[in-house]
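Participant: As given, the protein sequences belong to chains A and B, one line each in that order.
Under UniProt numbering, the letters of the first sequence match residues 1 to 520, in that order.
Under UniProt numbering, the letters of the second sequence match residues 1 to 520, in that order.
Number of protein chains: 2
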Amino acid sequence: MGDPTAPPVSELAAATLKDSVPPSAKSLMDSFTDRVLVRTILSRPGGGADLAGLRVPICGLVQTGRVQGKGAFAFLEVNDGSCAADLQVMVEATVADLSTLVPTGTCVHVVGMLKVPPKLGAKQKVELHVEEVLHVGALADPAKYPLPNTNHPKKKPTPEYLRDWTHLRPRIKEFAAVIRIRDELGEATRKFFREEHGFVHVDTGIITTSDCEGAGKMFQVTTLLRKDEKQEKELPLAASPAPAKIDYSKDFFGQAAYLSVSGQLHLETLACAGHKVFTVGPTFRAEQSHTSRHLAEFRMVEAEIPNADLEQDMKCAEAYVKYMCQWLLDKCHDDMQLMAEHDKGCIARLKLVASTPFIRLSYTEAVQLLEDAVKHGKKKFEKKVEWGIDLASEHERYLTEVIFQKPVIVYNYPKGIKAFYMRLNDDSKTVAAMDVLVPKVGELIGGSQREERYEVLQQRMLEMGLPLEPYEKYLDLRRYGTMKHAGFGLGFERMVLFSTGIDNIRDVIPFPRYPGRADL
Amino acid sequence: MGDPTAPPVSELAAATLKDSVPPSAKSLMDSFTDRVLVRTILSRPGGGADLAGLRVPICGLVQTGRVQGKGAFAFLEVNDGSCAADLQVMVEATVADLSTLVPTGTCVHVVGMLKVPPKLGAKQKVELHVEEVLHVGALADPAKYPLPNTNHPKKKPTPEYLRDWTHLRPRIKEFAAVIRIRDELGEATRKFFREEHGFVHVDTGIITTSDCEGAGKMFQVTTLLRKDEKQEKELPLAASPAPAKIDYSKDFFGQAAYLSVSGQLHLETLACAGHKVFTVGPTFRAEQSHTSRHLAEFRMVEAEIPNADLEQDMKCAEAYVKYMCQWLLDKCHDDMQLMAEHDKGCIARLKLVASTPFIRLSYTEAVQLLEDAVKHGKKKFEKKVEWGIDLASEHERYLTEVIFQKPVIVYNYPKGIKAFYMRLNDDSKTVAAMDVLVPKVGELIGGSQREERYEVLQQRMLEMGLPLEPYEKYLDLRRYGTMKHAGFGLGFERMVLFSTGIDNIRDVIPFPRYPGRADL
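Next comes the structure, spelled out in C-alpha cells:
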C-alpha cells in the first residue's frame, strides 16, 4: 500500500511532522500543528484532485463512520473545524481496529495518501486512504455520547438541546459555521473602521463606577459576598442613616461597582480629544428578558466620531452595515450556503443590504406612515401609534419589512423618549438621534449626535431631573474645549442573527448568558 | 488674504464640507468628519510642503497658543489625535478674537490655507493660515483647566496626577501615543493569528459560573444587592444548614456567578473540536495588588491550538511576540520615537526581540543557573532558589535581563507548582508548561500542553484534592474524542509596558481598574 519511493510512514509519526513529510506536503501543513487542514485540501481549484498521490496527516472528529466490505474497511467523514465540508477517509482493517474509529465524535489523527475516489461523479474530488493511525481519541462509551448522528438529517439535535451542551456544541457543523461567520463579521468591523476609515480601537472599561442614567439594569460587581460563610455577619453595614445600607467603602473599588452597559462615555472622552475611536466591548444587561433577541452578556460595536454630526453618523453606520454584508458575500461562501439550508433568504438579504441605499425617514414621517397604514386598514398594531411614542419592535419591523422591504434609518426622535446626551434640534422638540432598522431583526443600530453645548446639556439634565454631580466628568468634556461629535452602537449578535437567519440569539454566541444560565 | 480664484470661504462652512471643498482638498478629507487630519498633511513625503496653496479645514485641540506681533496674530500648536505631531496654525486678529483661541485645551475648527513657513529650517514644512473660524470650543475658565501647559517640558503633569483625570488624559500627547501603540499591538495580534496562521477569533464568556481552581481571586457578579435599601432584609438566605448562606438560586443566573479569570476552558471546548482559536478577553483578578504590574481588569490574549504539543506551543508564542515587535518597528515610528524620549532603550529592545531566537531552558536548567549565580557570589535573591520553588519575579528577571539579556522560555516545570490541567511529562515529576520571560517585565506569557489523557487528568485532580463534579464538562472533552492540544496566554498590558518602556501598568490602559479605583 502506498508509494514505495515515499519515505517510510513511521518517519511521518515523528514528533514534528512538519520536518519529515515530503516537501510538497510540508508546504501544505497547518502552522503549529501536526496536520494539513481539510480546508487546505478541499478549497483548491478542482476540489483538491491535484493533490492525489500526496501523503498527508489530518486530524479531526468523525462525523459519521461505517464499516463496509464485510469488515474489510471503513469510511469516515472527518471534520477538523477548518471548514463546513468533511473529508472522506478510508481505513482498511489491516491498519487499525475499525470498531474504535467509526463512532461519531471519535478523534482521529492519521497519515494517508490522497486519492481520487474510484466512483465517478463523487461529491468529493479527493479522499484519504489511511496508511498509519497516529492517535485515536476513542469514546469512553459511544452509547452515552450526547451528540450522536450529527450528520443524519432526521436525528439532528435541536438548538434547545445543544444549549445544554455548550462545551460540545462547537463540534456541530452548523454551529462551527456560525463561529466562523462571527469571526468574519469581527474582521470586517476592524477592516472597516481601522483600515478603511482610520479609527483607532480602544479598550473601554468593563467594570464601572458610573451608575449613570443607563441603557438598562446593571449587574453589580463585588468582593463583599462570601459563598460559604455566614453572610449577614460579613456584609459591612453603615451604622447610619437608618435603614442600614451596605458600606461600599469596604468593597474592592471603594464604592459600588457595576458591569458596563455601554462604552459610550469612555469613547467620548477620546473623541473629545479628536480621536476617531471604536470598541467591540462585552456589554451587560441584568434584565429578566426571556426573548429570542436579548442576552445578559453581548458584544456591542460602538464608534465615536469627533467633528461629526448626525448626517455623518448615519453615513458611517450605513457604510458599515453594507461593508459587513459585502464582506460575508466575498469571504463566507460555503458557510453561508450552509446557513441557506435553513433560511433560504439569507444570501439574498445580504445582497440587498450591500447594494441598496438605506431609506432615510424622520421619526415624524415614520409615525405618519404607520398611522396611514392603520387608517387604511392595512395593519393593526398592539401598541397605538402616535407622535411621541417610543417605536415598538412591531412598528420598526413593519417599516423595514413591509413598507420598504429594505433597511431604514429613522432619525430626529422626540426628546422625551431619548437620553439626555442626545443633541437638541433647533425645533426644541426633537433630538439628533437615529436608529437603523433592518428586516428580520428590527433595530440593529442606535446612535446620535451628542450634545456638545454645555448650557444646553446641563439644561436638559435638569429638565429630566438628573443630578449633576455624577456627571461632572461628562460635563468637563463640554466645559473644556468642546467639540461636536456623534456615535452609534451596533448589537453584534443581532448582526449575526440578521446574517445567518438563525432564530435565537442564544445560538449565535458560543457561551450565551441569560436569566438562569451562564454555563461554563 | 487667500486665493481670489478659490471659492468663497463661507461655502466651506456648509454642513458637509466634503461636498464643497476643492477636489484636491476633498480627496484629503477624513471620512465622516469635517476635517483633514494633521497626520494626512504632515506624513506626506516632504512633510506636507507639496500641499502649500491648498485650502483645508482642520479640527483639534490647542496644545499651546501665543499671541504675537503686539496682538496682530497668534500661533497655535494644534493636535487632532491622529498623530503625535501638532500642526502650527496662524490666525490673524482680523479673523477671530485671539484671546479665546490661545488657551491650552481650546478646541478649534478652522479653514485655512496651507503655506510653507517663512522661517528657513523650520521644524514643520507647512503651516496653516486661518481664513475662517468655524467653531471654537472655549474653556469655561482657563485658570481651572486641569491640564495647562502640557507642551511645556517642565510643567508636564505626572502620570500619577493624570490618573485622576482619566476623562481628559487622552488629550496628553504621550498618552495618545500609547493608545495608538496599543491599537497597533491589537492589530498585530489579529494579523498574526488570523491572517498568518488561520486562527479564528472567538468571544469567550465574561460572566462565568465555573468556580474552578483558577488563576486568582474572582469578582462576584450579582443582582441580589440593592444599594439604597435595607440590605439584610433583601438578601435571600437559605434556612438550613446553619450557618445561613445566601440562596443563590434567587440570583440572576440561578447560582453564584463570577467574572472570568481566563478564557482557557472556553477555548479548549473549541480546540477539542479541531478549531484553532484565539481571544482577546477582558479578564479579572480581585486581588489586593498595589504593584506597578497588576490590574484588576486587563486584557489577555489567549490561543488554543488543536493537535499541538508544547514544542509547537513555544514556537507559536515566540513567533507571536517577535511579530508584534516587528509590527511596531514597521508601523509606529513616530509614536515609538516619542516613547524613546523617556525610555531610550525601547526601540533597541523591540529590534532585539524581533531578530533574536529566544533562549530555551528547562526549569531544571534554569534553577541550576540561578543556583550557580548565588554560589559564585554574583547575585543574592530574596527568595532561596531550589528545585521545586515557583520562580519569583527576581529570578525570572535575572535570567532574562542579566544572564541572557534576551527573551527566555522556561519549560517543564515541577508538577507541584502548576495547575492540574497541564500535561504530565514522562518523568512523572514535571509538566509540559512554559513561561516566556522578557527583559523589563519578566513573565509575559504562560502556557502549557493540556493533559488530554482522561485517566491521567482524573488522577492528577484526585492527587490535588480537587472535586471531580465541577469539572465534568472539562472531563467530557477527554471522555469523548480527546485530542492533544496546547495553548498560552499573553498579558496584553505587559506587552504594552514592554514595548513602550512605561513604568506603571495603570498608564498603558485608558481606564485602569485597581483596588480603590474604577473611575468613569
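Just so it is clear, CB atoms sit at the ideal spot from N, CA and C, and this is done for glycine as well.
Isoleucine 389/A and lysine 380/A: beta carbons closer than 8 Å?
Facilitator: no
Participant: Could you spell out where the alpha helix (DSSP H) holding glutamine 337/B opens and where it closes?
Facilitator: 333-340
Participant: Mind checking which residues open and close the alpha helix (DSSP H) that includes cysteine 346/B?
Facilitator: 346-355
Participant: Whose CA, out of Ile172/B, Val126/B, Trp165/B, Ala432/B, lies closest to the CA of alanine 84/B?
Facilitator: Ile172/B
Participant: Who does glutamate 302/B pair with in a DSSP beta bridge?
Facilitator: Thr279/B, Gly489/B
Participant: Tell me, please, which residues DSSP counts as bridged to histidine 201/B.
Facilitator: Phe278/B
Participant: Comparing the C-beta of alanine 72/A with each C-beta of chain B, is any distance below 8 Å?
Facilitator: No, alanine 72/A lies away from the interface with chain B (no Cβ there is under 8 Å from its Cβ).
Participant: Could you give the distance in angstroms between the alpha-carbon of glycine 263/A and the alpha-carbon of glycine 281/A?
Facilitator: 7 Å
Participant: Identify the contact partners of alanine 143/A in chain B, using a Cβ-Cβ distance below 7 Å as the criterion.
Facilitator: Those do not exist, as alanine 143/A stays about 12 Å from chain B at its closest Cβ, beyond 7 Å.
Participant: Rounded to a whole number of angstroms, what is the C-alpha to C-alpha distance between alanine 354/A and glutamate 184/B?
Facilitator: Rounded to whole angstroms, alanine 354/A to glutamate 184/B spans 29 Å at the Cα level.
Participant: Could you give the C-beta distance for valine 78/B and glycine 60/B, rounded to a whole number, given that I count them as a contact under 8 Å?
Facilitator: So it is a contact: roughly 4 Å between Cβ atoms.
Participant: Count the other CB atoms within 10 Å of the CB of alanine 122/A; is the residue buried (16 or more) or exposed (fewer)?
Facilitator: exposed
Participant: Which partner residues of lysine 115/A appear in the DSSP bridge assignment?
Facilitator: Glu127/A
Participant: Taking Cβ positions, are leucine 295/B and glutamate 160/B nearer each other than 8 Å?
Facilitator: no
Participant: Can you say whether valine 402/A is buried or exposed, counting buried as having 16 or more other CB atoms within 10 angstroms of its CB?
Facilitator: exposed
Participant: Over the uninterrupted alpha helix (DSSP H) stretch that includes leucine 475/A, give me the two end residues.
Facilitator: Per DSSP, leucine 475/A belongs to the alpha helix (DSSP H) from 472-479.
Participant: On a Cα-Cα basis, can you pick out the residue from Gly137/B, Gln68/B, Asp30/B that is closest to threonine 100/B?
Facilitator: Selection Gly137/B, Gln68/B, Asp30/B evaluated against threonine 100/B yields Gly137/B as nearest (Cα-Cα).
Participant: Quick check: the Cα distance between lysine 429/B and glutamine 459/B, rounded to an integer number of angstroms?
Facilitator: 14 Å
Participant: Assess contact between the stretch 347-361 of chain A and the stretch 463-483 of chain A, defined as three or more Cβ pairs (one per stretch) separated by less than 8 Å. Is contact present?
Facilitator: no
Participant: Mind listing which residues of the stretch 74-107 of chain B have their C-beta closer than 8 Å to chain A's C-betas, in chain order?
Facilitator: Asn79, Asp80, Gly81, Ser82, Gly105, Thr106, Cys107
Participant: Proline 414/A by DSSP, collapsed to three states: which one?
Facilitator: Residue state, collapsed to three classes: strand.
Participant: Kindly indicate if chain B contains any beta-carbon less than 8 Å away from that of arginine 513/A.
Facilitator: yes
Participant: Does the distance from the C-beta atom of methionine 314/A to that of tyrosine 411/A stay below 8 Å?
Facilitator: yes
Participant: Around the Cβ of serine 249/B, are there at least 16 other Cβ atoms within 10 angstroms (buried) or fewer (exposed)?
Facilitator: exposed
Participant: List the endpoints of the continuous alpha helix (DSSP H) containing aspartate 435/A.
Facilitator: Looking at the DSSP string, aspartate 435/A is not in any alpha helix (DSSP H); the run it does join, the beta strand (DSSP E), is 430-438.
Participant: Proline 57/B: buried (16+ other C-beta within 10 angstroms of its C-beta) or exposed?
Facilitator: So proline 57/B counts as buried.
Participant: Per DSSP, what kind of secondary structure is leucine 328/B in: helix, strand or coil?
Facilitator: helix
Participant: CA-CA distance, tyrosine 323/A and threonine 189/A?
Facilitator: 8 Å
Participant: Does the ligand GDP have a heavy atom nearer than 7 Å to the CB of proline 414/B?
Facilitator: The model on display carries no ligand, and the ligand GDP is accordingly not part of it.
Participant: Under three-state DSSP, which class holds alanine 25/A?
Facilitator: helix
Participant: Nearest chain B C-beta to valine 431/A closer than 8 Å, yes or no?
Facilitator: With its beta carbon at least 8 Å from every one in chain B, valine 431/A lies outside the interface.
Participant: State the Cα-Cα distance for the pair proline 512/A and leucine 162/A, rounded to the nearest angstrom.
Facilitator: 12 Å
Participant: Relative to the C-alpha of histidine 201/B, which candidate in Ile305/B, Pro117/B, Gln255/B has its C-alpha closest?
Facilitator: If we check each option's Cα against that of histidine 201/B, Ile305/B comes out closest.
Participant: Return the CA-CA distance between arginine 44/A and lysine 125/A, expressed in angstroms with no decimal places.
Facilitator: 10 Å
Participant: Take lysine 156/B and list the residues in its own chain whose beta-carbon comes closer than 7 Å to its own, dropping the five residues that flank it on each side.
Facilitator: Thr150
Participant: Where does tyrosine 514/A fall in DSSP's three states?
Facilitator: strand
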